[in-house]
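Visitor: Numbering (my numbering), first residue to last: 331 to 708.
Where is the CB? At the ideal position from N, CA and C, for every residue including glycine.
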């Protein structure tokens, strides 16, 4: 009788302890909603750049948990919306470029009999000044757009990265979280400050020199312009390669240590707690799984925030890049070499702007993706 009572008590205890484990698995989303509804995450959500928050609301993403539900169709919808809103002005500019190229061809043919009067050179300078005037405002808008986007996203990351690292630590990956927090937080803040205070002014100087070198080729600035572009692209590529190499090595080593810690904890719970050790071990695994769900959700929120933040300025800059490139190709077809070189130089400036934007966006997106897919332990 005594043994029977002990057996019944053990069964009841096991059922009692297994019920929360089952609830943790089936009610993970509800727990996540309550956790992410806290004031800390609402404050972080409020720091999301305005344009990204607007795009998220258009997709019906009201809280942090909804941001992980972004679909490919929703992303394509937002891309289409941005293109529809931004494509009109680049097209008008392209038609203007085609017009000035055709006028230049006509003036060159008319002035061919006045080669001694210097009219062809005057017409070329006038056409170049017109092109510079036409493209100066959109180029400056793109440069300022880069600076504002990086600044707004840096403010968001200053709050997001420490909070996300704390969540990853709670999910059983303290070593991985520490590597992510130290490396990415430092890199994003240092790189963001460097881009805003050094590369953006350097980009403005590069654009000015590129224009002057084509309008007045006798000044011999073409090599300096090419050197500045090479320096910018080389620095961006080198720093990204070094950063991701260090982050990958740190993630592999740290995730191995986290895996050992989780499995060791599970083993000690199951082995050294009498009677209910196995049930407590299962409960530990279920709780760990719930925290992993939270980690993936919050990581997806950060990635979607980055995509929505950089998507508008990337698409806008790409449209202008294609516009100027098409103008350069049309100039080459019609044989207007001066305008072809000038437009090609401006297009290369847009290419550097795109490289800076993609560099900063990928710095965060790839790092966070590595952390999400890092070995989860258990």
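#1: Taking the beta carbon of residue 627 as the centre, do at least 16 other beta carbons fall within 10 Å, making it buried, or is it exposed?
#2: Locate the alpha helix (DSSP H) running through residue 504, then write down its first and last residues.
#3: Under the three-state reduction of DSSP, which class applies to residue 459: helix, strand or coil?
#4: At what residues does the alpha helix (DSSP H) containing residue 412 begin and finish?
#5: State yes or no: is the C-beta of residue 480 within less than 8 angstroms of the C-beta of residue 514?
#6: For residue 438, which of 697, 664 and 684 has the nearest alpha-carbon?
#7: What three-state label does DSSP hand residue 429 in the structure shown?
#8: Around the Cβ of residue 285, are there at least 16 other Cβ atoms within 10 angstroms (buried) or fewer (exposed)?
#9: The alpha helix (DSSP H) that contains residue 396, what's its start and end?
#10: Which of the three DSSP states is assigned to residue 693 in this structure?
#11: Distance check for residue 452 and residue 638, CA to CA, integer angstroms please.
#12: For residue 371, does the count of other Cβ atoms within 10 angstroms reach 16, so buried, or fall short, so exposed?
#13: How is the alpha helix (DSSP H) around residue 380 delimited, first residue to last?
#14: If you drop the 5 nearest sequence neighbours on each side, which residues of the same chain put their C-beta closer than 6 angstroms to that of residue 702?
#15: Classify residue 634 as helix, strand or coil using the three-state DSSP reduction.
#16: Once DSSP output is grouped into helix, strand and coil, what is the label at residue 540?
#17: Pick from 642, 497 and 398: whose alpha carbon is nearest that of residue 472?
#18: State the CB to CB distance for the pair residue 488 and residue 676, rounded to an integer number of angstroms; the pair is presumed to be in contact (CB under 8 angstroms).
#19: Would you be able to state if there are at least three C-beta pairs under 8 angstroms between the region 493–503 and the region 682–696?
#20: What's the call for residue 640, buried or exposed, on a 16-neighbour Cβ count within 10 Å?
#21: For residue 633, I'd like the list of residues in its chain whose CB is within less than 6 angstroms of its CB, leaving aside the five on either flank, ordered along the chain.
#22: Residue 562: which of 683, 404 and 399 sits nearest, CA to CA?
#23: So residue 635 and residue 382 are in contact, right, with Cβ under 8 angstroms, and what is the actual spacing, rounded?
#24: Report the three-state DSSP secondary structure of residue 699 (helix, strand or coil).
#25: Considering only their Cβ atoms, is the gap separating residue 666 from residue 434 smaller than 8 angstroms?
#26: Tell me, to the nearest whole angstrom, how far the beta carbon of residue 646 is from that of residue 416; I am working on the premise that it is less than 8 angstroms.
#27: Can you list, in chain order, the residues of its chain with a C-beta nearer than 7 angstroms to that of residue 490? Leave out the 5 residues immediately preceding and following it.
#28: When the Cα of residue 762 is compared with those of 652, 557, 475 and 461, which residue comes out closest?
#29: Just verifying my parser: in three-state terms, what is the DSSP assignment at residue 392?
#30: Would you call residue 707 buried or exposed, if buried means 16 or more other Cβ atoms sit within 10 Å of its Cβ?
#31: Closer than 8 angstroms, CB to CB, is residue 391 near chain B or not?
#32: Would the beta-carbon of residue 679 fall within 8 angstroms of that of residue 542?
#33: Taking Cβ positions, are residue 670 and residue 454 nearer each other than 8 angstroms?
Guide: In short, the structure shows the following:
#1: buried
#2: 504–524
#3: helix
#4: 402–416
#5: no
#6: 664
#7: helix
#8: Past the edges of the chain, shown from 331 to 708, lies residue 285, and the structure says nothing about it.
#9: Premise fails: residue 396 is in no alpha helix (DSSP H) and is neither H nor E.
#10: helix
#11: 46 angstroms
#12: buried
#13: 380–388
#14: 626 and 629
#15: helix
#16: helix
#17: 642
#18: Between residue 676 and residue 488 the Cβ distance is about 34 angstroms, and since that is not below 8 angstroms, they are no contact.
#19: no
#20: buried
#21: 695 and 698
#22: 683
#23: 5 angstroms
#24: helix
#25: yes
#26: 5 angstroms
#27: 374 and 632
#28: The structure shown does not extend to residue 762, since the chain is modelled only from 331 through 708, so no value can be given for it.
#29: coil
#30: Since pLDDT at residue 707 reaches only 48, below the 50 mark, its modelled position is unreliable, and the value read off the structure follows with that caveat. So residue 707 counts as buried.
#31: This model lacks chain B altogether, as it is built from one protein chain only.
#32: no
#33: no
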